Amino acid sequence: MMDSFSVDQSGTTAAQTSDGAVMTNVAVWSPSDETAFDNARSATIFTRIGTRHSADELKVALDATPTVKQTFCLSVNNVLLIFSNSIENHRADVRAVLTMLQENSMKANPRDCVWDVGGPTDAGIRLEQVGEHKVYMVVNTGPPEE
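By full-length UniProt numbering, the letter at position 64 of the sequence shown is numbered 64, and the numbering carries on one by one without gaps.
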């Protein structure tokens, strides 16, 4: 059973962590807040923040931080994707996510971050709608190479 914020991680194996856990690069995102799907679909600004923490550690921080919502943020593996429809909203949303990381003594991985791009694929995340339902398949393709 998925909780209200988690992304069910199933799919292609991307890596194995030092503790033997398998990380995937594909997830299914079915947010409990119906506006989240529409917000992601209509967003015009995206930021990818890769972290130096496990998906489980990130999930704990997300669940404990009510100011970071599914309406502007999703996670896959140890990566956060923030999406917004204006630069003003986006800066506030990114600030909320960075504050969450700081308050939980978590660190971003600068090599796995992409700031203020025009589409999710520019941030190394593919969002593919599954059928007619409010579900996305989220594919973490990694940050684009410069």
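Where is the CB? At the ideal position from N, CA and C, for every residue including glycine.
Note that the coordinates shown come from a computational prediction; the quantities given were computed from them, not determined experimentally.
Nearest to D116 by CA position, among V76, S42, E128 and F46, is which residue? With distances taken between Cα atoms, D116 lies closest to F46.
Residue burial classification, D56 (beta-carbon count within 10 angstroms, cutoff 16): Taking all protein chains shown into account, D56 has fewer than 16 neighbouring C-beta atoms within 10 Å of its C-beta and is therefore exposed.
With DSSP collapsed to three states, give me the class of S75. It is a strand residue.
Rounded to whole angstroms, what's the CA-CA distance from S4 to L80? Just pull it up for me. Low per-residue confidence applies at S4: pLDDT is 37, beneath 50, and the placement is therefore not dependable, though the value from the model is reported in the following sentence. S4 and L80 have their C-alpha atoms some 16 angstroms from each other.
Cβ neighbours of T141 in the same chain (closer than 8 angstroms, five flanking residues each side left out): Cβ neighbours of T141 beyond the five flanking positions: N25, T121, G124, I125 and R126.
V76 burial status per 10 Å Cβ neighbour count (16 or more: buried): Label assigned to V76: buried.
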